[in-house]
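Engineer: The sequence shown begins at 16 in this note's numbering and counts up by one.
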Amino acid sequence: MNSGSKIRWGLVGCGQIAIDKSLPGLLAAKNACLVAIADPLESRRALALDRAGQSNMQPTAYQDLHELLADPGVDAVYVALPTGMHKNAVIAAAKAKKAILCEKPLGNSAAEVREMVRAARENGVPLMTGYMSRFSDVFQKAAQLVREGAIGKVTYVAANFSYPCSKYYPPGKAGGWRYTDELGGGPLLDVGIYLVFGIREMLGERIARVASLNRNTHAPEGSVISDTTISWFETEKGTPGTLVTSFSHAAQYINFFGTQGNLMVSDCFYQTPGARLECVTGDGNTPLILDTKTEANLAHFDNYRREFEHFSAALLQKTPHSPSEDDVLSDALLLDTLKKNADAIDVPSLVEFLN
């Protein structure tokens, strides 16, 4: 590991998220520097090199992942490949003794995540998943207020992250795998994962029990995956709530209802930073706690910059990173459970009931 003041990073995969957000975030990080990139497409490598050159960095470009992993000048790798390619890339990086930051979701299933976590631990390398929105001011402030009891005891959580996916990623077009990839598609792995880790981190409790319903409500022709998941849940400490994620409508919020007020977080999980945090107090007032959507002049990649700085600091100082491997594995187990129609029972019709 680099003993200097900066971690030397290799970028694996030069797709949209890497070029638009992660790469500028990495280039802006104070304790990180980009020394290598890898992508099989020359056009994507050229685009990444051009973006890096604008920040006076000249990383080595590789066509193959394994060439990058053999570079002794690389301390850590950022994996920005499609989800189905995460496992092989992460395990290869672990065997090459490179620290790893991998985009969410870490794997298509808990079984895949377990393999990656085991590989990292067996080779003594840190493995962190890119839950970038947890580094925003709104996310951190909401977690602080909820955990400190600002609204009293939390008695109910309502969470929804949905968007009209077919408008942007119809089957047969770029990104259409969200409807057709039976392992990695669907709203749960695409955006529902944000609710899963958001509730866990803000509330400070793991979800322990769920009853879920997976259905198609507005799926385009060619879809093979349910476009909506609706779930009732209960945490390990008994806090109840509901979780909705869908490709059929637009919503993004987590609301916490407590004995002394309500706390509302909205628009917290987009790639571009900017969110609102409001709190309804017991006397009915609704003070605006924080609004980075209109009140802060944040760079469009700011959450990614903070993510790279957090993990780079953890590597340099040999301190824990967040989310931990155990947290991510716990999230993957919950996602696996939510994919099932668990404990769903039909409500009798009025005719059936009366007869």
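Quick reminder that beta carbons are idealized off the backbone N, C-alpha and C, glycines included.
1) Can you tell me whether Gln267 is buried or exposed? The criterion is at least 16 other CB atoms within 10 Å of its CB, across all chains shown.
2) Is the separation between the beta-carbon of Ala95 and that of Ala51 shorter than 8 Å?
3) Tell me the DSSP bridge mates of Gln267?
4) How is Arg221 classed by DSSP in three states: helix, strand or coil?
5) Can you give me the start and stop residues for the beta strand (DSSP E) that Asn277 sits inside?
6) Give me whichever residues DSSP pairs with Cys117 in a beta bridge.
7) Do Ala85 and Glu340 have their C-beta atoms within less than 8 Å of each other?
8) Quick check: the Cα distance between Val98 and Glu197, rounded to an integer number of angstroms?
9) State the DSSP-derived secondary structure class of Asn123, mapped to helix, strand or coil.
10) Contact check, Asp242 vs Pro202 under 8 Å by CB: the rounded distance?
11) Quick check on Glu293: does DSSP put it in helix, strand or coil?
12) Since Val92 and Val27 should fall inside the 8 Å C-beta cutoff, what is the C-beta to C-beta distance between them, to a whole number of angstroms?
13) Could you please give the first and the last residue of the uninterrupted beta strand (DSSP E) stretch that includes Leu387?
14) In terms of residues, what are the limits of the alpha helix (DSSP H) holding Pro39?
15) Just how far apart, CA to CA, sit His331 and Lys112?
16) Quick check: Ile269 and Val172, are their CB atoms within less than 8 Å of each other?
17) Residues in the same chain with beta-carbon distance under 7 Å from Tyr319, minus the five sequence neighbours each way, listed in chain order, please.
18) Go ahead and pull the three-state DSSP assignment for Leu84.
Structural biologist: Result, derived from the coordinates:
1) Counted from its first residue, the sequence shown places residue 267 at position 252. The residue in question, Gln267, is buried, as its Cβ has 16 or more Cβ neighbours within 10 Å.
2) The residue labelled residue 95 in the question sits at position 80 within the sequence shown. The residue labelled residue 51 in the question sits at position 36 within the sequence shown. No, the pair does not count as a contact, with Cβ atoms beyond the cut-off.
3) As a position in the sequence shown, residue 267 is number 252, starting the count at 1. Looking at the DSSP assignment, Gln267 forms a beta bridge with Phe176.
4) Indexing the sequence shown from 1 puts residue 221 at position 206. Looking at Arg221 - three-state DSSP - the assignment turns out to be coil, as it is neither helix nor strand.
5) Here residue 277 refers to the residue found at position 262 when the sequence shown is read from its first residue. Segment Gly276 to Ser281, the beta strand (DSSP E) holding Asn277.
6) For the purposes of this step, residue 117 is identified with residue 102 of the sequence shown, where counting begins at 1. Paired residues: Val94 and Thr144.
7) Locating residue 85 in the sequence shown gives position 70, where the first residue counts as 1. Locating residue 340 in the sequence shown gives position 325, where the first residue counts as 1. No, the Cβ-Cβ distance between Ala85 and Glu340 is not below 8 Å.
8) Your numbering for residue 98 matches position 83 in the sequence shown. Your numbering for residue 197 matches position 182 in the sequence shown. It should be noted that the sequence gives Thr, not Val, for residue 98. Near 12 Å, if we compare the C-alpha coordinates of Glu197 and Thr98.
9) For the purposes of this step, residue 123 is taken as the residue at position 108 of the sequence shown. Looking at Asn123 - three-state DSSP - the assignment turns out to be coil, as it is neither helix nor strand.
10) Translated into the one-based positions of the sequence shown, residue 242 becomes position 227. Translated into the one-based positions of the sequence shown, residue 202 becomes position 187. That belief holds up - the Cβ atoms of Asp242 and Pro202 are roughly 7 Å apart, short of 8 Å.
11) Looking up residue 293 in the sequence shown gives position 278. In the structure shown, Glu293 sits in a strand (DSSP, three-state: E or B).
12) Here residue 92 refers to the residue found at position 77 of the sequence shown. Here residue 27 refers to the residue found at position 12 of the sequence shown. Cβ-Cβ separation between Val92 and Val27: approximately 5 Å, consistent with a contact (criterion under 8 Å).
13) Because residue 387 is not part of the residues shown, which for the chain are 16 to 370, the question remains open.
14) Within the sequence shown, residue 39 is the residue found at index 24, counting from 1. Unbroken alpha helix (DSSP H) run through Pro39: Leu38 to Ala43.
15) Numbered from its first residue, the sequence shown carries residue 331 at position 316. Numbered from its first residue, the sequence shown carries residue 112 at position 97. Before going further, note that residue 331 is Leu rather than His in the sequence given. Cα to Cα, Leu331 sits roughly 15 Å from Lys112.
16) Here residue 269 refers to the residue found at position 254 of the sequence shown. Here residue 172 refers to the residue found at position 157 of the sequence shown. At a Cβ-Cβ threshold of 8 Å, Ile269 and Val172 count as neighbours.
17) Position 304 of the sequence shown, counting from 1, holds the residue named residue 319. So the qualifying residues of the chain are Lys36, Ser37, Gly40 and Met147.
18) Within the sequence shown, residue 84 is the residue found at index 69, counting from 1. If DSSP states are grouped into helix, strand and coil, Leu84 belongs with the helices.
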